[in-house]
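Residue numbers (mature numbering (1 follows the signal peptide of the UniProt record, and there is no 0)): -18 to -1, 1 to 322.
All C-beta atoms, glycine included, are put in the ideal place defined by N, C-alpha and C.
Notes follow the structure.
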């Protein structure tokens, strides 16, 4: 699932800062050697704070931000928590970026509520804040949100799973993210709506948190199979969790008769759909989120116009086993567009 990050000669070396990694990525010659008019944008600093450095989704997001910053002649500073849910690390990153003089911060909040005071301080200091992928609670704590409609992403795979079951009684396991993370709740709730059930429905026989991690997804699936061996539908927060679930299912000889659906649409995830490990996934586009975010910060720096409201960066259901009534694209499309 990992994708390499494009880098240029102007990238600075990584510097460890507290609980996060903070990296300054200098823009190329566009701004510093004559620029693009209006004084150039070589002095514009843009901050990107992701949940982790290692999750392929955020690797792709960083790739998009790096590419856009280079194209815009801006300087990119990046940071990430040590783990998914590291709110303290993200707060430290916000404070360091404000002190460094960024004009805007792009952030995927690890804790949608707990990060809000730090973001409010940044905004009061004149920094534009854009949430990527996941909203804060309240959403108004940031100037704008560039994200997949995560509820719709869940709803699409819920609709798919319902249609694929073709009236067969469902025994559902939900492998979720973690408490307090809006993206996890939105996907979970969307799946339930798409499947046509509510929280607490007896069809849901097991729910476990995975933090979006493959090994924890495997453990969660093992626990669910012990609790309810007749599970036949598995919803997963993302594809690493889905692949972990598949490992556990295969060990029990259940990998051929359990429907697994997921969200993200990374290249490895799409290949897992192609191979039949996952039946369907909702593909989103983190590279676009980050590219658009960097451009929005540069626009703000040049003219003072802030991005506002919600920008839907798109979602597409990917499967090679289409069902009636649910629009989808095949894995060939998914591989051409994975996280682009």
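- Using a 10 angstroms sphere on the CB of residue 294, the tally of other CB atoms stays under 16, which defines it as exposed.
- Counting C-beta atoms within 10 angstroms of its own C-beta, residue 212 has fewer than 16 neighbours from the protein chains shown and is therefore classed as exposed.
- Between residue 108 and residue 84, the alpha-carbon positions lie close to 9 angstroms from each other.
- Residue 212 carries a coil assignment under DSSP once its states are collapsed to helix, strand and coil.
- Per the C-alpha coordinates, the member of 42, 52, 235 and 45 positioned closest to residue 25 is 52.
- Judged by their CB atoms, residue 178 and residue 140 are nearer to each other than the 9 angstroms cut-off.
- Buried is the label assigned to residue 144, since at least 16 other Cβ atoms lie within 10 Å of its Cβ.
- Beta-bridge pairing by DSSP links residue 62 to 32.
- Boundaries for residue 219: no beta strand (DSSP E) harbours it, and the DSSP string shows neither H nor E there.
- Between the stretch 194 to 211 and the stretch 224 to 238 there are three or more C-beta pairs closer than 8 angstroms, enough to call the two in contact.
- Rounded to whole angstroms, residue 248 and residue 260 show a C-alpha spacing of 12 angstroms.
- Residue environment: residue 123 is assigned as buried (16 or more neighbouring CB atoms within 10 Å of its CB, all protein chains considered).
- Fewer than three pairs of CB atoms, one per stretch, sit closer than 8 angstroms, so the stretch 92 to 107 makes no contact with the stretch 231 to 247.
- Shown here, residue 289 sits in coil according to DSSP, grouped into three states, outside any helix or strand.
- Per DSSP, reduced to three states, the secondary structure at residue 273 is helical.
- Taken atom to atom, the span from the alpha-carbon of residue 305 to that of residue 176 is near 14 angstroms.
- Fewer than three beta-carbon pairs drawn from the stretch 125 to 134 and the stretch 71 to 81 are found closer than 8 angstroms, and the two stretches are therefore not classed as touching.
- The beta carbon of residue 162 sits closer than 6 angstroms to the beta carbons of 93 from its chain, once the five residues preceding and following it are set aside; these are given in chain order.
- Residue 182 and residue 221 have their C-alpha atoms some 24 angstroms from each other.
- Rounded to the nearest whole angstrom, the CA to CA distance from residue 187 to residue 121 is 32 angstroms.
- Residue pairing of residue 45 in beta bridges, as defined by DSSP: absent, with no partner found.
- The beta carbon of residue 136 is closer than 7 angstroms to those of 168, 169, 170, 171, 172, 173, 176 and 245 in its chain, skipping five residues each way along the sequence.
- Taking the Cβ atoms as the reference, residue 276 lies roughly 18 angstroms from residue 130, outside the contact range of under 8 angstroms.
- Proximity to residue 215 across 44, 272 and 148 peaks at 148, based on C-alpha coordinates.
- In this structure, DSSP gives residue 152 a state outside helix and strand, which the three-state scheme calls coil.
- The three-state reading of DSSP puts residue 92 in coil, since its state is none of H, G, I, E or B.
- CA-to-CA, the gap between residue 282 and residue 241 works out to about 46 angstroms.
- Look at residue 25 here: in three-state DSSP terms it is coil, with no helix or strand label.
- Residue burial annotation: residue 239 is exposed, with fewer than 16 other C-beta atoms found within 10 angstroms of its C-beta.
- Residue 40 and residue 153 have their C-alpha atoms some 32 angstroms from each other.
- Taking all protein chains in view, the Cβ of residue 292 is surrounded by fewer than 16 other Cβ atoms within 10 Å, so the residue is classified as exposed.
- In the three-state reduction of the DSSP assignment, residue 171 falls in the helix class.
- The alpha-carbon of residue 116 is positioned some 14 angstroms away from that of residue 34.
- Under the three-state reduction of DSSP output, residue 249 falls in the helix class.
- In this structure, DSSP gives residue 113 an extended state, which the three-state scheme calls strand.
- Beyond the five residues adjoining it in sequence on each side, residue 287 comes within less than 7 angstroms, by CB distance, of 281 in the same chain, given in chain order.
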